[in-house]
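Asks: My questions will all concern the structure given below.
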Amino acid sequence: MRKIFLSLLSVSVITFAKPPATNLGLLKKQLNTYCSSGQYMQDIADALRPAKLYLWERIQSNHQNKKLAVVFDADETMIGSVQLMQSNDFGETPAYVMSMLKGGKSSVIKPTLELYRFAQKNHVATFIITGRPETLQKTTEQNFKNDGYKNWTYLYMSPVNPVTKPHSIVPFKTAMRKKITQAGYDIVLNVGDQYSDLSGGYADKDVKLPNPFYYVP
Ligand SMILES: [Mg+2]
């Protein structure tokens, strides 16, 4: 009997009571497939489609001639850095992130550019609120222009660098939306890839875009 018990033990697999955290290597493979399959861009387009419809309804019913506005976040909303992240195997050190931002090579996210142009064509103000530090204003503006974004109403950039000094961007972004509202605008849509872009109010509808690559508090 003891012999049988021991032989059973020798073939059994020792497992953890709970499965360990997600395997990083497999997760990176999933992320690469998510991008290369086109699903990532499709998910962005799917999120923006009802937003555009809602904006159109609001434009059509704006009989009081309110000053309508759309607020956009920048990274992974207007412009994306997936290829740069992939080339570094998704290694997101603060130094690497800063070098990406300084490089000004982020590429356009086309469904967002379409919404941006649609808003402007219909006389809706386009505001950009980004956690990027103010020190990167020139590079950032050039990056936007290279990718087809023009004539934004105002660009708000963070006075404190959230990459090198991690902190929540919620107070800054909320305060800027409050400022826009106090200037007489009705923010119809607030578009961002992070929940921290969207929480804090001062928008009629929040539009969350997918971002499985990184987290901004
Ligand atoms: Mg973003």
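Numbers in the working numbering are just positions in the sequence shown, counted from 1, shifted up by 251.
We put the beta carbon where it would ideally sit given N, CA and C, even for glycine.
1) Spell out the partners DSSP gives Val467 in its beta bridges.
2) DSSP puts Tyr405 in a beta bridge; with which residues?
3) Could you compute how far the alpha carbon of Ser350 sits from the alpha carbon of Leu387?
4) Of all the alpha helix (DSSP H) runs that stay within the bounds of the stretch 271-341, which reach a length of 4 or more residues?
5) Return the chain-ordered list of same chain residues with a C-beta closer than 6 Å to the C-beta of Tyr285, the five sequence neighbours on each side being excluded.
6) When DSSP builds the beta bridges, which residues end up paired with Asn462?
7) Using 8 Å as the Cβ pair cut-off and three pairs as the minimum, do the stretch 435-446 and the stretch 454-464 touch?
8) Out of Gly435, Tyr405 and Ser288, which one is the CA nearest neighbour of Ala325?
9) Start and end of the alpha helix (DSSP H) containing Asp448?
10) Please name the residue, chosen from Ala296, Phe341 and Met408, that lies closest to Lys280 on a Cα-to-Cα basis.
11) Please return the same chain residues whose Cβ sits closer than 8 Å to the Cβ of Asn397, not counting the five positions on each side in sequence.
12) Determine, using beta carbons only, whether Leu319 and Val458 come nearer to each other than 9 Å.
13) Quickly, what does DSSP pair Asp457 with across the bridge? List them, please.
14) In whole angstroms, give me the CA-to-CA distance for Ser312 and Ala454.
15) I'd like to confirm something about Asp444: is its beta-carbon nearer than 8 Å to some heavy atom of ligand 1, or not?
16) Classify Ile265 as buried or exposed, calling it buried when 16 or more other Cβ atoms lie within 10 Å of its own Cβ.
17) Taking 8 Å as the cut-off, is the C-beta of Ala272 nearer than that to any heavy atom in ligand 1?
Replies: Let me spell this out:
1) Per DSSP, none; premise fails for Val467.
2) Phe378
3) Their backbone Cα atoms lie some 11 Å apart in a straight line.
4) 275-287, 290-311 and 333-338
5) Tyr291
6) None; Asn462 has no bridge partner.
7) yes
8) Tyr405
9) Tyr446 to Leu449
10) Phe341
11) The residues Gly355, in chain order, have a CB closer than 8 Å to that of Asn397 in the same chain once the five nearest residues on each side in sequence are set aside.
12) no
13) Under DSSP, Asp457 shares a beta bridge with Asn441.
14) One Cα belongs to Ser312, the other to Ala454, and the distance between them is close to 17 Å.
15) Yes, Cβ of Asp444 sits closer than 8 Å to a heavy atom of ligand 1.
16) exposed
17) no
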